[in-house]
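Okay, so here's the structure we're looking at.
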Amino acid sequence: LSSVVEITRITDPEIHRVDQREVLRLREQILTLVRLDHLSRLRSIDTQPVRKKHFVIVIGAAEKRFGLVVDSLVGEEELVIKALPGEIVSSDLVSGASILGDGTVVLILNVPAVLSRLSRATPLGAIA
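The working numbering numbers the first residue of the sequence shown as 82 and each following residue consecutively.
Below you can see the structure in the form of structure tokens.
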């Protein structure tokens, strides 16, 4: 089971590179940072100039933690999540979808799949 541990805002100087991966020192721990566009090999659709500040969602899954770098935060809402058939979503990084009150469809991140892909991309044990 995975969960959001905390959400924080950081600046570019707080992001460091170690062994070709981005990390953040947060509360005296080194946290691996994940950018979904890099992990999924998708291009970001963000057309804004390079950001100086970032939101990081700290995700805890089992014994592992990582920081998910996101473009923006919209809010917090309880959702009913529906699984999607493989024909609709071709990525293992998506576990389902939900419809917001305004009719917007949102995809639900498959955190164990993100951890699995991250573990393959970095040395085992490198995820804080």
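Quick reminder that beta carbons are idealized off the backbone N, C-alpha and C, glycines included.
Predicted, not measured: the structure shown is a model, and the values here were computed from it.
CA nearest to the CA of residue i, picked from the options
i    : options             : result
G156 : I111, G182 and E95  : G182
R108 : T92, S171 and E87   : E87
V150 : V104, S197 and G167 : V104
S172 : R98, L117 and K145  : L117
8 Å CB neighbourhood of residue i in its chain, flanking five on each side removed
i    : result
I162 : S176, G177, A178, S179 and I189
R90  : K134, H135, F136 and V137
Rounded separation between residue i and residue j - CA only
i    : j    : result
I140 : I169 : 26 Å
S84  : A164 : 18 Å
D100 : G184 : 42 Å
E159 : V186 : 14 Å
DSSP three-state assignment for residue i, whether helix, strand or coil
i    : result
A194 : helix
E168 : coil
S200 : helix
L181 : coil
Spatial neighbours of residue i in its chain, beta-carbon cut-off 7 Å, leaving aside the 5 residues before and after
i   : result
T92 : K133 and K134
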